[in-house]
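Contents: one structure, followed by commentary.
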Ligand SMILES: NC(=O)c1ccc[n+]([C@@H]2O[C@H](COP(=O)([O-])OP(=O)(O)OC[C@H]3O[C@@H](n4cnc5c(N)ncnc54)[C@H](O)[C@@H]3O)[C@@H](O)[C@H]2O)c1
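Residue numbers (my numbering): 3 to 325.
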């Protein structure tokens with residue numbers, strides 16, 4: 003059974019990738035609960051401003067480190083480790099494929115060794131990309147996927163699959179107490195405006211009144227999870243008793259074209275929609291089955307599409323006034 007009502011005052015949580023979008027929200031969540039959070043990051047895709055924000059909490063400690071090279075020695079006991087360190091956007095797949103493959107293999111190995119040595123519980127942040135271009139819908143956790151080995155997304159998809167298998171092996175070989183989540187599209191404040199993912203693209207184009215670019219005919223589907231709901235799901239899985247993989251995200255599915263039209267309407271934008279060729283291996287359907295998660299943890303997303311998009315647009319607006 004899950005146990006999320008814990009006292010965090012004497013707990014130390016290691017967050018790899020703390021300067022990133024989701025992990026900075028996750029770190030803040032535990033800092034506010036009174037845990038000590040130790041963040042690791044090399045800023046390959048993360049932002050220094052996220053670390054400045056976290057440094058306002060006296061219970062936050064930060065190490066600038068590339069986890070591919072190793073993890074600095076931490077003397078105090080670590081109770082929980084979240085492995086969130088990995089670039090995650092298609093723009094990064096093209097730009098830094100080897101760094102992605104190495105952080106999900108060597109970086110994950112180093113963190114698992116820390117988990118083993120500290121007897122810490124370890125959560126691997128995997129991805130819906132392990133399902134590739136799925137042939138079953140919605141995706142359930144025991145589906146093994148339909149993944150391209152040689153293609154523009156392979157560096158990410160295959161290295162995340164490796165990271166899951168490595169996590170599994172540390173569990174069976176060393177008895178490390180592991181958890182695995184497969185994160186589906188998540189959005190919210192602190193995303194990079196130009197990271198090439200759907201939501202920042204659409205919102206920033208809509209805010210500027212530029213044409214919104216839809217790839218393909220826009221009939222491919224996605225589900226979009228607001229970041230506070232995602233943090234809630236991460237927390238619930240970390241403190242559940244089930245070590246098998248969980249999908250986490252939002253189960254409300256819409257086509258990319260519907261998402262573009264809704265964002266134009268929500269932001270009262272004058273943008274038109276234009277169509278460009280579909281990138282290679284772009285998944286046609288993406289929607290999590292959350293049955294397992296909901297049964298095990300009673301998780302229910304709280305933030306609807308409209309509210310989430312408004313909050314995210316507010317963030318991008320405030321960013322542009324600071325430029
Ligand atoms: N955002 C999503 O929709 C989504 C979907 C599926 C999975 N995920 C996973 O969630 C995690 C966080 O994603 P995000 O969207 O917040 O991405 P992000 O790029 O904002 O955060 C990742 C962080 O990891 C850091 N990092 C990368 N390589 C590192 C290394 N070698 N050493 C130290 N730090 C390193 C980056 O600098 C960055 O701060 C990732 O593991 C990602 O694969 C995210």
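Heads up, the beta-carbon is just placed ideally off N, CA and C, and yes, glycines get one too.
Status (buried if at least 16 other CB within 10 Å, exposed otherwise) for residue i
i	result
residue 325	Unreliable positioning characterises residue 325 in this predicted model, as indicated by a pLDDT of 47, which lies under 50. The coordinate reading is nonetheless provided below. Residue 325 should be labelled exposed.
residue 3	With a pLDDT of only 46 at residue 3, under 50, the local geometry of the prediction cannot be trusted, and the value read off the model is given with reservation. So residue 3 ends up on the exposed side.
residue 162	buried
residue 21	buried
residue 327	There is simply no residue 327 to check, as the chain begins at 3 and stops at 325 in what is shown.
residue 113	buried
residue 148	exposed
residue 45	exposed
residue 272	exposed
residue 132	buried
residue 119	exposed
residue 50	exposed
residue 72	exposed
residue 180	buried
residue 288	buried
residue 39	buried
residue 136	buried
residue 9	exposed
Closer than 6 angstroms: residue i CB and nearest ligand 1 heavy atom
i	result
residue 129	yes
residue 265	no
residue 103	no
residue 43	yes
residue 1	Missing from the structure shown is residue 1; the chain here goes from 3 to 325 and no further.
residue 167	no
residue 147	no
residue 69	yes
residue 140	no
residue 46	yes
residue 250	no
residue 275	no
residue 198	no
residue 19	yes
residue 22	yes
residue 89	yes
residue 190	no
residue 109	yes
C-beta contact flag for residue i and residue j at 7 angstroms
i	j	result
residue 76	residue 64	no
residue 141	residue 290	yes
residue 229	residue 188	yes
residue 47	residue 85	no
residue 105	residue 88	yes
residue 1	residue 208	Beyond the ends of the chain as shown, which are 3 and 325, falls residue 1; an answer cannot be given.
residue 150	residue 234	no
residue 80	residue 108	no
residue 297	residue 258	no
Selection from the options that minimises the alpha carbon distance to residue i
i	options	result
residue 78	58, 189 and 15	15
residue 249	130, 300, 118 and 259	130
residue 186	317, 262, 292 and 71	292
residue 210	254, 227 and 315	315
residue 164	33, 198, 127 and 118	127
residue 295	271, 184 and 217	184
residue 317	200, 309, 192 and 268	192
residue 321	194, 215, 257 and 303	194
residue 61	69, 82, 33 and 222	33
residue 124	277, 243 and 307	243
residue 177	262, 232, 136 and 121	121
residue 23	268, 55, 308 and 115	55
residue 224	260, 117, 206 and 238	260
residue 206	159, 256, 269 and 175	269
residue 305	168, 232 and 116	232
Residue i - partner residues in DSSP beta bridges
i	result
residue 62	39
residue 134	148
residue 249	184
residue 290	141
residue 98	None, per the DSSP bridge assignment.
residue 28	Answer is none; residue 28 lacks a bridge partner.
residue 82	15 and 123
residue 178	Answer is none; residue 178 lacks a bridge partner.
residue 224	256
residue 170	Paired residue(s): none; residue 170 is not in a bridge.
residue 216	277
residue 110	None, per the DSSP bridge assignment.
residue 189	228
residue 128	184
Heavy atom of ligand 3 within 6 angstroms of residue i beta-carbon
i	result
residue 86	As presented, the structure is devoid of ligand 3, carrying ligand 1 as its sole ligands.
Any chain D beta carbon closer than 7 angstroms to residue i
i	result
residue 76	Chain labels in this structure do not include chain D; a single protein chain is all it has.
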